[in-house]
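Novice:
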Amino acid sequence: MTQQIRRDAHKMKAFLRFRETKREGEGRRHFVAWFEPEHYILESVAPFFAERFSDMDWMILTPIGSILHEDGKMRCDRTPCEAPDLKDDVETLWHSYYQSIFNPARIKTKAMRSEMPTKYWKNLPETRLIPQMLADAENRVAAMVALQNDGRAPAFHARHQAEWREREAVTRREEQALEGLPALGRALETCQRCELCRYATQSVPGAGPERARLMLVGEQPGDQEDLQGKPFVGPAGQVLDRVLKHVGIDQETVYLTNAVKHFKFVSKGRRRIHQTPDRTEIVACSAWLEQEIRLVQPDLIVTLGASALQAVEGRISRLGEMRGRIREGSMARPASLATIHPSYLLRLPDPQRAREEEARFMHELGLARDWLARR
Ligand code: URA
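For the sequence shown, the residue numbers in the working numbering are 882 to 1256.
Here's what the structure looks like:
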């Protein structure tokens, strides 16, 4: 327990972020921070902050009390506080700073999570950038290597600088997405993270309640979804609809989305034939899915088919091995369950086999229903 308390105090010193608040008149600058400690550590950490930030006025608010520092005097109070609405110009500085120290060639996500546990992320301005930076890391490393090996480095460099400037603009637009699902949908409209945006009619965001307990993740929009801008409105959606009804899951309560937000297809005459998205497209799109998960905070994610499984669980996941088992969640991720994609049932030529597979699909969605009911 002593160790836990020491760790909590250490994390508070490392992960507390002050935001400047504007006050009438002149005088000392004033800052506010919000933090959620696990133990009653305010009195023990207060001297650290008072010493380090002695020349400004500040308040640290927490659910178990506050520390106030004004005109060089500090005092602690055990009255619980509510999270304030904090945002300031320094936030942009944090973002630039964090982006510049992030080395894409030295990613150790495990170490990162143990050093900066994900439970602290929501109060840290810079962590919003992590999903995006991880998603971009492979390309950035490739660009760095090419830059070193390329005899024509200056020209190459100039081209990459232009690309990076464009990417930063995209990142800024996408940051707006952090404010809620409607804003996420608007930001998604401008997504150019991969080639698919060039050919699809539009991006298709997820649909459903902002705080759905169950999130279903499909592969990508199909032909109908691409035209209507909504997920699962075509033939696969009809199968899903029927199965959900049979199992007793009200679709209105479910958040439906896809691993990839643009339709990938090849044209054959007038028809557009679905193509499975590849790994780079799934990775490029994963930041959107991560944001949806962060905003909806579902209790359970059901992945439909192999692409969704890859997007949620990572490259090595095999549907055959993971299917039909609930993987319990953690602080960092919701619980998940893998099953087939409903369009698989439409492709099975043997009606008997299709019936059997449909029964298994129903059984697996039933597991999701029962798991949710038990919680
Ligand atoms: N298939 C999917 O995976 N998603 C859709 O939205 C439609 C078909």
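In this text, a Cβ means the ideal position worked out from N, Cα and C, and glycines have one as well.
Just jot down, in chain order, the residues whose CB lies closer than 5 Å to any heavy atom of ligand 1.
Specialist: Any residue whose Cβ sits closer than 5 Å to a heavy atom of ligand 1 makes the list: G1099, E1100, P1102, G1103, E1106, P1112, F1113, A1117 and N1139.
Novice: Pick helix, strand or coil for Y1080, following the three-state DSSP scheme.
Specialist: It is coil, neither helix nor strand.
Novice: Let me check understanding here. Comparing Cα to Cα, which of S995, R956 and P985 lies closest to V1022?
Specialist: Taking only the C-alpha atoms, the option nearest V1022 is P985.
Novice: Thinking C-alpha only, which one of L1185, E932 and E951 is nearest R910?
Specialist: Of L1185, E932 and E951, the residue nearest in Cα terms is E951.
Novice: Determine which residues share a DSSP beta bridge with W1252 and list them.
Specialist: Paired residue(s): none; W1252 is not in a bridge.
Novice: Find the nearest neighbour of D1017 within the set S1198, W1169 and A1213, judged by alpha-carbon distance.
Specialist: Nearest of S1198, W1169 and A1213 to D1017, Cα basis: W1169.
Novice: Go through its chain and collect everything with a Cβ distance to Y1001's Cβ below 7 Å, but skip five positions before and after it.
Specialist: Excluding sequence neighbours, Y1001 sits near K892 and F896.
Novice: Would you kindly work out how many angstroms separate the C-alpha atoms of L923 and W915, rounded to a whole number?
Specialist: Approximately 12 Å between the Cα atoms of the pair.
Novice: May I ask you to report which of helix, strand or coil DSSP gives L1226?
Specialist: Correct three-state label for L1226: helix.
Novice: How would you label S947, buried or exposed, when you count the other beta carbons within 10 angstroms and need 16 or more for buried?
Specialist: Under this definition S947 is a buried residue.
Novice: CA-CA distance, G953 and K968?
Specialist: Between G953 and K968, the C-alpha separation is close to 25 Å.
Novice: From this set, R887, M940, E901 and M993, which residue's C-alpha is nearest A1213's C-alpha?
Specialist: The candidate whose alpha carbon is nearest that of A1213 is M993.
Novice: By the 10 Å Cβ neighbour count, where 16 or more other Cβ atoms means buried, how is I1154 classified, buried or exposed?
Specialist: It counts as exposed.
Novice: Would you list, in sequence order, the uninterrupted beta strand (DSSP E) runs of no fewer than 3 residues that lie entirely inside the region 1160-1190?
Specialist: Qualifying beta strand (DSSP E) stretches, in chain order: 1181-1185.
Novice: Could you tell me the alpha carbon to alpha carbon distance between A1235 and Q1013, rounded to whole angstroms?
Specialist: If you take the alpha carbons of A1235 and Q1013, they lie about 39 Å apart.
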